[in-house]
Amino acid sequence: MAFRGRSQTAATVVEAIRPRDGQVDELAQALVAAEAVSPADLAIAKGAEPQSESELIALLFKTERRGANRSNMVSVWAGFHGLEMLDLRQTTPNDDAVSLLDERTCRLLKCLPLTADANGAHVAIADPCQTARAAVAAKFTGTVVFKVAMEQDISNTLDRMYRADAEIDALSRAFEASDSTQALLAASQQSDDEDAPVVQIANRIIAQGLRDRASDVHVEPMNDHIRVRFRIDGNMVDTFTLPLSAHAALVSRYKILGGMNIVERRRPQDGQFSMTVDGRDMDVRVSSLATVFGEKVVMRLLDKSRAALELRQLGMPGATYEEWSKLIHAPFGMVICAGPTGAGKTTTLYATLRAINDGGKNVMTIEDPVEYVFPGINQIQTNEQAGLTFAQGLKAILRQDPDVILVGEVRDADTARIAVQSALTGHLVLSSLHGTDSVAALHRMLDMGIESFLIASSVVAVIGQRLLRRICDACKEPYEPGPEEIAVWNREGRNPKSQFWHGAGCTFCAGTGYRDRIGVYELLRVTPELRRLIVGWATQEELRRLAVSQGMRTLVDEALTLVENDVSTIGEVVRTLYAG
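According to the numbering used here, the stretch in the sequence shown is residues 1100 to 1679, in order.
Spelled out as structure tokens, the structure:
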């Protein structure tokens, strides 16, 4: 093929690009004129004094309000430079074109070659500014036609086009061909040998996990192979199969990285390490546990480069967001976030902390683990070996003149009692608590032995939550729900709906029909009437009935509203929280 990529500056191409000079103020005016952003959001973004168009767009993404459409912003930005917008979710890049640039270059320049021939290429870019286009054009000869795509879509497509499957398969075959398991094990222990097969496999598994948006990576020995699974959007997904001969070396590699004892294979161990993938810093929490087939390793992936969400970005309905924003600014009391493991409680609490932390308060936390570090907040990691439990840490915090205290999780009666007493003595206490919903969380505290009058006096509000998977936009299509799904819809008294939607399954969603998740929230305000019922040890049903009569929308109500708005499916609602 005559057309090839190159690294030198292509002056003829750059000269052919004659974009409108992109000025931040002019772009801002264009965005408001097109109603892509509100004047209020623009004022917030410009308050940070962006020095370039890309900085302005990034700031607008951070300050967007519920319902804002990022695609509209980028579309206006593209038009501002005379370029077309492209939906990469509906486009498949040509293999020949993709081979023109290596993955690292594509990620660095935020671009993706789409098609190529002897005359030139079509390239998707995230930044339509002249400087960004010139940098991309310098990698090619011939005519380059640019189209603008969402940066996240470019990243997702690169993840799909440059998967680690083939490399891991090749490295796995090398393991199978080796006659010396001991040699492989020794190679895994040479932490400075980045070319060792086991080191490459270990790194590629984690890198692919981050690219696939996995929260956890499971390395599981089976009878005759190693199964590697990712937890994506709350579900376990089979990802790689490795030869059993690689097990000892691979587990040892992860234990070395985590600072764990590689000789001890019977007792559970925990460790952690940091690494950088695609320019993104991440922390990895490692846990090992002996099973009947050998040690299983689970790694929690924490992307440090991911910006913590603002409250308005969590997906709360407008009324819930407004009410929650008021409640968390109470001068004292206890505010609880309730839900099962993996329901997004930590994300909600962190977003709440960001909303509270205005620089005029002493905000302190006790967590296990500290997942993200926030400037201006005093965060403490529990350490049971040193005697620093949640309860002990909370006692110590009370001697540090706090205004706001975050307790990562109320796990026992001692922690619960100290948290309640703290709330009653002039502190605002935020905490997470395991419970099926907001009402169940109150009864959980009663079950811990906390007196009902203390709960009634201290708790200001409880927000119950779940995470529902979103229908994948790339393969969204109408479908006919089954009788059981319709029965659920009708049982909850929903209005008839002429058309339901689901995801057919595609490469973007790994065939699941879902991509990403959205929060479902149930906000319970502790009113005087509710306090009287709590003191009287009312049942969960009695508490729930009163709360609903006072305006609380249940988790099921909010979840089915998302189905009504074609965001999720009845099947996902049933899987996640329906108890009927």
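Note that CB positions come from ideal geometry on N, CA and C, so glycine has one too.
Nearest to residue i (by Cα), restricted to the options the options
i	options	result
S1170	A1196, G1146 and E1134	E1134
Y1620	R1652, R1384 and M1381	R1652
A1233	M1249, T1214 and K1209	K1209
L1622	G1604, G1507, H1180 and W1423	W1423
N1461	L1158, A1345 and P1430	P1430
T1514	L1487, V1173, R1365 and K1575	L1487
I1455	D1500, E1483 and L1505	L1505
I1476	V1123, P1501, L1497 and D1467	P1501
L1395	D1380, L1523 and R1365	Contrary to the premise, residue 1395 reads as Lys rather than Leu in this sequence. It is R1365 whose Cα lies nearest to the Cα of K1395.
Q1251	K1494, D1268, R1188 and G1357	R1188
A1495	Q1484, G1507, I1479 and D1124	I1479
D1216	V1131, I1224, A1231 and S1198	S1198
T1446	G1618, V1175 and R1643	G1618
E1470	K1403, V1666 and Q1520	K1403
T1256	D1186, R1303 and Q1122	D1186
L1356	D1382, L1497 and P1342	D1382
G1241	G1507, G1219 and A1231	G1219
L1566	G1492, V1655, M1359 and Q1299	V1655
Q1368	Q1520, G1358, C1436 and S1531	G1358
A1389	I1554, L1661, E1363 and G1458	E1363
K1596	G1443, V1397 and P1580	P1580
Close beta carbons around residue i, own chain, < 7 Å, minus the five adjacent residues each side
i	result
A1177	E1183, M1184, P1227 and V1247
R1312	I1331
N1322	F1392
H1221	L1213, T1214, V1244 and K1246
L1158	A1144, A1147 and P1149
I1427	V1434, T1451, A1454 and I1455
A1301	L1349, R1352 and Y1353
Backbone secondary structure at residue i - three-state DSSP
i	result
D1268	helix
Q1480	strand
M1374	strand
L1126	helix
L1642	helix
P1627	helix
L1341	strand
Q1649	coil
D1656	helix
G1635	coil
A1540	helix
V1672	helix
M1381	strand
R1310	helix
R1487	Rather than Arg, the amino acid found at residue 1487 in this sequence is Leu. Here L1487 sits in strand by DSSP.
I1361	coil
Cβ neighbour criterion (16 or more within 10 Å) applied to residue i
i	result
S1648	exposed
V1472	exposed
F1245	buried
S1153	buried
K1425	exposed
G1046	One cannot answer for residue 1046 here, as it falls past the ends of the chain, which runs 1100 to 1679.
N1664	exposed
E1583	exposed
T1419	buried
I1669	buried
L1207	exposed
S1531	buried
Those residues which DSSP pairs with residue i across a bridge
i	result
M1184	V1247
S1386	D1369 and V1397
T1242	G1219
W1176	None, per the DSSP bridge assignment.
H1601	E1576
N1334	I1331
T1611	T1611 pairs with nothing; no bridge assigned.
P1212	V1222
V1503	V1462 and L1527
M1321	Paired residues: none, contrary to the question.
A1437	L1532 and G1563
V1558	M1433
V1619	R1565
R1326	E1319 and T1340
D1402	M1381
I1570	Y1613
Chain C within 7 Å of residue i, Cβ atoms only
i	result
A1133	Reference to chain C is not applicable here, since this structure consists of a single protein chain.
Neighbourhood of residue i by C-beta, 6 Å cutoff - its chain only, sequence neighbours within 5 removed
i	result
E1640	none
R1568	D1332, Y1613, R1616 and E1671
R1310	D1258
R1384	Q1371 and R1399
Same chain, Cβ closer than 8 Å to residue i, five either side skipped, listed in chain order
i	result
F1160	R1169 and M1172
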